[in-house]
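A.B. asks: Letter by letter, the sequence shown follows residues 420 to 483 in this note's numbering. C-beta: ideal position from N, C-alpha, C; glycine also.
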Amino acid sequence: MTISAVSKNQILSRLPKQAMRSTLNVALDYLEKKGIVLETKKGFIWTFNPSKKLEKAEEEGLQK
420 MTISAVSKNQ ILSRLPKQAM RSTLNVALDY LEKKGIVLET KKGFIWTFNP
470 SKKLEKAEEE GLQK
């Protein structure tokens, strides 16, 4: 599996022309706070894993 980061410019170029950078920034901030994307030096990486095993482990895990 190859993981490649995507820059804001690359994301914006793939969106409809009427999409604004400020809207993209708000969306990426939200996704980063939720742990769905991670910002790196090279761009953004999708980190969301919809695995049922992961959900179960999170539910049964300990919180500090």
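Between the alpha carbons of Lys436 and Thr459, how many angstroms are there, rounded?
C.D. replies: Rounded to whole angstroms, Lys436 to Thr459 spans 25 Å at the Cα level.
A.B. asks: From Glu479, Asn468 and Leu447, pick the residue whose C-alpha is nearest to that of Gly462; which is it?
C.D. replies: Comparing Cα positions, the closest option is Leu447.
A.B. asks: Could you check what DSSP says for Leu434 in three-state terms: helix, strand or coil?
C.D. replies: If DSSP states are grouped into helix, strand and coil, Leu434 belongs with coil.
A.B. asks: So Ile430 packs on Ile464, CB below 8 Å; how close in whole Å?
C.D. replies: 12 Å between Cβ atoms; not a contact.
A.B. asks: In angstroms, rounded to a whole number, what distance separates the CA positions of Asn468 and Val425?
C.D. replies: Cα to Cα, the separation comes out at about 18 Å.
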